[in-house]
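Structure first, commentary second.
This is the structure we're talking about:
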């Protein structure tokens, strides 16, 4: 749904209410998201969206819808009655939700309850607009400047509550005659009056000396910590990424399970064929080895190598000869 500019306010004309150490209008996204999630989109649409312009010192207020923009106080009684009932219902439900959160033990819920209560404060009834046929609050989270700033402007729109008529002016009392007191008789200056004056002077000096310490005792320090909308957005983004990671983990486990089932359903491959038998080379029967040749010292063998020189043995007897020794070596 498109949004349109419905009003513009100056930052110096109103006093911004704070929650958590910052103006409540800066937490618009957090408040609107909470109202949509826990109540309804109509409750979130009751608050106009602020758009700050520091250069001009102005705040532009945007509301969903493209209908005519009118002030509630400018409508007639018959047209204003249903819109006031709707405004009372929505603001009352937001107020009840904020009071329940303010009584919680959780610090975050208590802070949200404080922000909802401050969001229902507007400077004046002129900030209640009607876009089409729906009420819209501008300038919310702000009150008028000054010590006696009025609060609870929306309480007059509660269902069934009729603002009481103005009380009649009391009758003017008769003017009594002025009686002039006679002057006191001349006499001595009373001593107790001098003591009272001295005591008052002493109290004034003492109060002047203790006044800064008294103010420091009653001044409430500003809260140190506050909620940063950017940090809240990062936390929500982290939670979304964690949920997405969990979904991806489940899908990955499902795919692995399907792959395992398909792998078990497949038939195993056939075993490889056995290797062919190895045939050794066998010598034919007719193949015969060469006969061993005798290394006779006086015969040249048919071998390519050269024979070693014959070593002369011991002397033989007369009856022995070289042939017998050579035969003995050839055995």
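Numbering (the working numbering), first residue to last: 1008 to 1338. Glycine included, every Cβ here is placed at the ideal spot set by N, Cα and C.
Where the beta strand (DSSP E) through residue 1021 begins and ends:
1021-1023
Would you check if the segment 1018-1034 and the segment 1096-1112 touch, i.e. whether three or more CB-CB distances between them fall below 8 Å?
no
Residue from 1273, 1274, 1011 whose Cα sits closest to the Cα of residue 1137:
1011
Assuming residue 1126 contacts residue 1038 under a Cβ cut-off of 8 Å, what Cβ separation, rounded to an integer in Å, is found between them?
6 Å
C-alpha gap between residue 1251 and residue 1135, whole angstroms
42 Å
I need the straight-line Cα distance from residue 1353 to residue 1261, nearest angstrom please.
The structure shown does not extend to residue 1353, since the chain is modelled only from 1008 through 1338, so no value can be given for it.
So, for residue 1035: in the same chain, excluding its five sequence neighbours on each side, which residues have a beta-carbon less than 8 Å away from its beta-carbon?
1054, 1056, 1057
Helix, strand or coil, according to DSSP, for residue 1131 in the structure here?
coil
Three-state secondary structure (DSSP) of residue 1068:
strand
Taking DSSP as the reference, what is the three-state secondary structure of residue 1098?
helix
Once you ignore the five residues that flank residue 1080 on each side, which residues in its own chain have a CB closer than 7 Å to its CB?
1132, 1133
Could you check the C-alpha separation between residue 1216 and residue 1209 for me, to the nearest Å?
11 Å
Quick check: the Cα distance between residue 1102 and residue 1118, rounded to an integer number of angstroms?
14 Å
Alpha carbon of residue 1083 to alpha carbon of residue 1016, nearest angstrom
25 Å
By DSSP's criteria, residue 1078 is part of a beta bridge. Which residues make up the other side?
1136
Short of 8 Å in beta carbon distance, which residues of its chain neighbour residue 1078, apart from the five on each side in sequence? Order them along the chain.
1133, 1135, 1136, 1137
Would you check if the distance between the CB atom of residue 1120 and the CB atom of residue 1139 is smaller than 8 Å?
no
For residue 1150 and residue 1143, the rounded distance between their alpha carbons:
17 Å
On the premise that residue 1160 lies in contact with residue 1076, defined as a C-beta separation below 8 Å, what is that separation, rounded to the nearest angstrom?
Going by Cβ atoms, the distance from residue 1076 to residue 1160 rounds to 19 Å, so no, they are not a contact pair.
So, are the CB atoms of residue 1073 and residue 1009 less than 8 Å apart?
yes
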